[in-house]
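Take 7 as the starting number for the sequence shown in my numbering and just add one per residue. All remarks here apply to the structure that follows.
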Amino acid sequence: MLSGLFTKTFAVSHFSKLVLIAVLALGLTSCGYHLRGNIPLSEGLKNMALNAPEGSFKDLLEKRLTNLGANLVEESAADVLLEVTSVKSDRKVGTLDERGKANSYNINLRVNYILKDTAGNAIRPSKMIRESRRYNFDPDAVVEAESEEADLIEDMEEEAVLKLIRRLSSITDFDPSAVENKAASESSE
């Protein structure tokens with residue numbers, strides 16, 4: 007009798023856990039939550055030209071855009087132009103020790119960009135992405151500090167690229183054929 011009661015209690019408990027998991031899963035999917043992964047670009051932005059300063063930021067941005075299905079082409083063949091006007095990083099003293107020596111630094115990264123149509127009009131106004139990090143500096147471990155700074159800059163560039171792609175993915179109302187039609191109608195007048 008005791009084993010039958012235990013089996014029945016276990017079955018109800020197991021069933022209620024399954025129902026709870028199903029309700030949570032349904033709730034997460036219905037609210038629009040999804041795991042961080044590929045961020046879809048709208049079809050109007052997939053045929054893109056990219057102008058950016060040479061360097062690791064441009065390389066990373068090109069890689070991410072092509073992974074998302076963007077076709078990076080020459081400016082004359084593109085529907086849109088993503089122009090990264092500047093990528094700048096700087097380092098400033100964060101805090102000083104009792105001798106007036108730096109014991110932490112703040113690193114800042116600023117990326118300015120604008121997205122234009124084939125007529126050169128801004129699809130969205132010029133924007134800036136900012137990232138910053140702080141790290142402690144030990145004067146006895148200069149090589150490690152330089153390595154940490156390089157790693158932090160790489161991390162900030164990765165985060166800035168993801169922010170830029172998220173902003174691009176929010177542009178769903180751009181239609182490149184509308185720009186072409188407007189340009190054709192203006193030239194016939």
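The beta-carbon is built from N, C-alpha and C at its ideal position, and this holds for glycine as well.
### Query
Looking at Leu87 and Thr124, is the spacing between their C-beta atoms short of 9 angstroms?
As a working mapping, residue 124 is identified with position 118 in the sequence shown. As a working mapping, residue 87 is identified with position 81 in the sequence shown. Contact: yes.
### Task
State the DSSP-derived secondary structure class of Leu102, mapped to helix, strand or coil.
Counting from 1 along the sequence shown, the entry for residue 102 is found at position 96. DSSP places Leu102 in strand when its eight states are reduced to three.
### For Lys169, the first and last residue of its enclosing alpha helix (DSSP H)
Stepping through the sequence shown from its first residue, residue 169 is reached at position 163. Here the alpha helix (DSSP H) through Lys169 covers Val148 to Ser175.
### Query
Where does Asn73 fall in DSSP's three states?
Within the sequence shown, numbered from 1, the residue matching residue 73 stands at position 67. Helix.
### Task
Could you give the DSSP three-state label for Ser48: helix, strand or coil?
Sequence index remark: in the sequence shown, residue 48 carries index 42 (1-based). DSSP places Ser48 in coil when its eight states are reduced to three.
### Query
Mapping DSSP to helix, strand and coil, what is Glu89?
Numbered from 1 along the sequence shown, position 83 holds the residue referred to as residue 89. Strand, per DSSP.
### Task
Give the single residue among Pro46, Phe21, Arg105 and Ser95 whose Cα lies nearest to the Cα of Leu168.
Counting from one through the sequence shown, the residue named residue 168 turns up at place 162. When each option's Cα is compared against that of Leu168, the closest is Pro46.
#### Entry: Member of Glu164, Lys98 and Val79 whose CA lies at the smallest distance from the CA of Leu56
As a first step, residue 56 must be located in the sequence shown, where it is residue number 50. Measuring from the Cα of Leu56, the nearest candidate turns out to be Val79.
### Task
Please classify Pro182: does DSSP put it in a helix, a strand, or coil?
The residue labelled residue 182 in the question sits at position 176 within the sequence shown. Three-state DSSP puts Pro182 in a helix.
### Task
Can you give me the Cβ contacts of Ser95 inside the same chain, cut-off strictly under 6 angstroms, excluding the 5 residues immediately before and after it?
As a first step, residue 95 must be located in the sequence shown, where it is residue number 89. So the qualifying residues of the chain are Leu115 and Ile159.
### Message
Is the separation between the beta-carbon of Leu71 and that of Phe180 shorter than 9 angstroms?
### Response
The residue labelled residue 71 in the question sits at position 65 within the sequence shown. The residue labelled residue 180 in the question sits at position 174 within the sequence shown. For Leu71 and Phe180, no; Cβs fall outside 9 angstroms.
#### Entry: Nearest neighbour of Lys133, chosen from Gly75, Asn118 and Pro145 [CA to CA]
Reading the sequence shown from its first residue, position 127 is the one you call residue 133. Checked all of Gly75, Asn118 and Pro145; the closest Cα to Lys133 is Asn118.
### Task
Could you please give the first and the last residue of the uninterrupted beta strand (DSSP E) stretch that includes Val117?
Along the sequence shown, one-based indexing puts residue 117 at 111. Unbroken beta strand (DSSP E) run through Val117: Ala108 to Asp123.
### Query
What's the C-alpha gap between Glu164 and Glu154?
Translated into the one-based positions of the sequence shown, residue 164 becomes position 158. Translated into the one-based positions of the sequence shown, residue 154 becomes position 148. Those two C-alpha atoms are separated by around 15 angstroms.
### Query
Contact check, Ile177 vs Ile129 under 8 angstroms by CB: the rounded distance?
As a working note, residue 177 is residue 171 in the sequence shown. As a working note, residue 129 is residue 123 in the sequence shown. That pair is a contact at about 7 angstroms.
### Message
At the level of alpha carbons, what is the spacing between Ala108 and Val148?
### Response
Taking the first residue of the sequence shown as position 1, residue 108 is located at position 102. Taking the first residue of the sequence shown as position 1, residue 148 is located at position 142. Their backbone Cα atoms lie some 12 angstroms apart in a straight line.
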